[in-house]
Amino acid sequence: MGDKPTYFVFDDAIRDKSLRKYFDLCVKDVQEGIARLSRTRAKAGYPSWPCFRVEGKEFLVSAVLEYYLYDLHCNGFISESAEDFTEKMRAICGWQWDVDRVLRKWIERVVINPFFHDASDSEYEHKWVLNPENPGYTLTDEQLKFACYIAVCFTKYGHSFDKSFTKEIFDLVTALGSKLPAQIK
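Following the numbering used here, the numbering of the sequence shown begins with 14 at its first residue and continues without gaps.
The following block contains the structure:
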């Protein structure tokens, strides 16, 4: 085994296109409700991680959700599809760590980083301000709708302190000109 992991992460699908067929099989298993949660095989003394197995290959749970959301972005993002898949992943894996972490990263990558900067010096309390420069595109209504779905999930399934992230997401989406958060509240 050496130091090389026996499992695949999302970046592996980007680097090695031959792995995408296995990621697609994982996605299909999740969508059809036949995916089974497993643990990575690890040498004694090494950590084992939640994964899906397809044809003897191990794919970290978080990698499958990241891959699905990435694939949606490449092929036309539809919030309902992302919501359905996220719900299925949550039902299989639970909310904490694998699902919530990927969704938090999605918010950072898609909503925050291109459009906002943090005017606060605090590591824990953010003051998001719209960037003066335009990134050259806007988010679709579908992406904004999924961001609101994520916000609701953090309140519904997360810890009590996750409600502040819900408010943060709603504030970000509102700052981008959407009326969805007001309709949800």
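Each residue gets a CB set at the ideal place from its N, CA and C atoms; glycine is no exception.
Every value quoted in this text rests on a predicted model; they were computed, and no experiment measured them.
D24, buried or exposed, once every other Cβ within 10 Å from all chains shown has been counted against 16 | Your numbering for residue 24 matches position 11 in the sequence shown. Per the 10 Å Cβ criterion, exposed.
State buried or exposed for S133, treating a residue as buried only when at least 16 other CB atoms are found within 10 Å of its CB.
-> Position 120 of the sequence shown holds residue 133. Exposed: under 16 other Cβ atoms inside 10 Å.
Starting from the C-beta of L116, find all residues in its chain whose C-beta is less than 6 Å away, skip the five residues before and the five after it, and write them out in chain order.
-> Within the sequence shown, the letter at position 103 stands for residue 116. Taken in chain order, the residues that qualify are I163.
For the beta strand (DSSP E) that contains K70, what are its first and last residues?
-> One-based indexing of the sequence shown puts residue 70 at position 57. Here the beta strand (DSSP E) through K70 covers K70 to L73.
Among the residues of its own chain, which have a CB less than 7 Å from the CB of R114, if the five just before and after it don't count?
-> Position 101 of the sequence shown, counting from 1, holds the residue named residue 114. Closer than 7 Å at the Cβ level, and outside the excluded window around R114, lie S75.
From F174, D42 and W110, residue whose alpha carbon lies closest to that of Y81 | For the purposes of this step, residue 81 is taken as the residue at position 68 of the sequence shown. Here the closest residue by C-alpha is D42.
Have a look at V67 and F21 and give me their C-alpha separation to the nearest angstrom.
-> In the sequence shown, counting from the first residue as 1, residue 67 sits at position 54. In the sequence shown, counting from the first residue as 1, residue 21 sits at position 8. Between V67 and F21, the C-alpha separation is close to 11 Å.
Tell me, which residues are paired with R66 by DSSP?
-> Your numbering for residue 66 matches position 53 in the sequence shown. In the DSSP output, where bridge partners are listed per residue, R66 has E71.
Output the residue ranges of the alpha helix (DSSP H) runs that lie fully inside the region 160 to 198 and measure 4 residues or longer, sorted by chain position.
-> 176 to 188 and 193 to 197
Kindly list the residues whose CB is nearer than 8 Å to the CB of H172, restricted to its own chain and excluding five residues on each side of it in sequence; keep chain order.
-> Against the sequence shown, residue 172 aligns to sequence position 159. Here the set comprises nothing.
Is F21 helix, strand or coil when you go by DSSP?
-> In the sequence shown, the residue the question calls residue 21 occupies position 8. If DSSP states are grouped into helix, strand and coil, F21 belongs with the strands.
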